[in-house]
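I have placed the structure first, in the form of structure tokens, so that the comments after it can refer back to it.
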Amino acid sequence: MEKRNLLLGLVLVLWVVSVKGQEVNSKFGLKGGANYAKYTPDVIIAGINVAEYRRKFGFYFGGFININIHEKIKIQPEILFAMQGSKFLAKGFEIRGGANEVPIASDFKVNINESTIIIPIIVQYSFTNDFYMEMGPQFGYIIDRKQKIKEDPFEQFQDINVLPFSSEYDKFDLGLTVGTGYRLSNHFGINGRFFFSLIERDNSIKTSVFNLGIEYTL
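In the numbering used here, the protein residues as written are 775 to 992.
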């Protein structure tokens, strides 16, 4: 409940910022693009890597307000929706049809998709009129998580739950995002970022995400 209240508080702050932003030199815009995400670290038991997380493609879109507070410094709060997650891979399971049969090696693969509301609060520093670097905190709230099995060597054992995560999961994420961008014109620009979690979710995982997209300033 406290994490949800924090997210609602952030949304309220962004709304206040947008209202105040109309009183200063500010611009609204839309953005969207692709992301390339995964969880870290891999699953290691007794020093043995028993499973690994791999990157998967997703997407994001949303809006922002860009507030000019200095000749070279701008603040850009955003509200985005993102589909991200990770691939889960456990290699080399040996499955026997019977006690006297030759074992067959098989992998276990799961795609994990998270629907997430993302709130980055970015500080941009312009080196030229068009090129800038940026950094800031990013808050996330996971609306939904779905796990889709791609390969399952245990499918004959219907009473065994082999999904890597339970139906209960941590919904709040917090991390740091760093990136760069280039303004192609007064309206269009390209932007790339890397996000990494600062807190663990589900007792072990963190998220890392590469983003690449287009911004349109109104």
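Heads up, the beta-carbon is just placed ideally off N, CA and C, and yes, glycines get one too.
Span separating the alpha-carbon of E845 from that of D926: 57 Å
Just to check, is the beta-carbon of F901 closer than 6 Å to a non-hydrogen atom of the ligand NAD? Absent from the structure shown: the ligand NAD. Ligands present: none.
With distances taken from CA atoms, which of K812, F946, G963 is nearest N887? K812
Does the pairing of the region 816–831 with the region 942–952 give three or more beta-carbon distances under 8 Å? no
Can you tell me whether K920 is buried or exposed, with buried defined as 16 or more other CB within 10 angstroms of its CB? exposed
How many angstroms separate the CA atom of V979 from the CA atom of A825? For clarity, residue 979 is Ile in the given sequence; the question names Val instead. Computed Cα separation, rounded: 13 Å.
What do you reckon, are the CB atoms on V884 and F862 nearer than 7 Å? yes
Outcome for N823 when other beta-carbon atoms lying within 10 angstroms are tallied against a minimum of 16: exposed
Do you know offhand how far A895's Cα is from S880's? In the sequence on display, residue 895 carries Ile and not Ala. Roughly 44 Å separates the two Cα atoms.
Inspect the beta-carbon positions of L992 and G803 and report whether they are closer than 7 Å. yes
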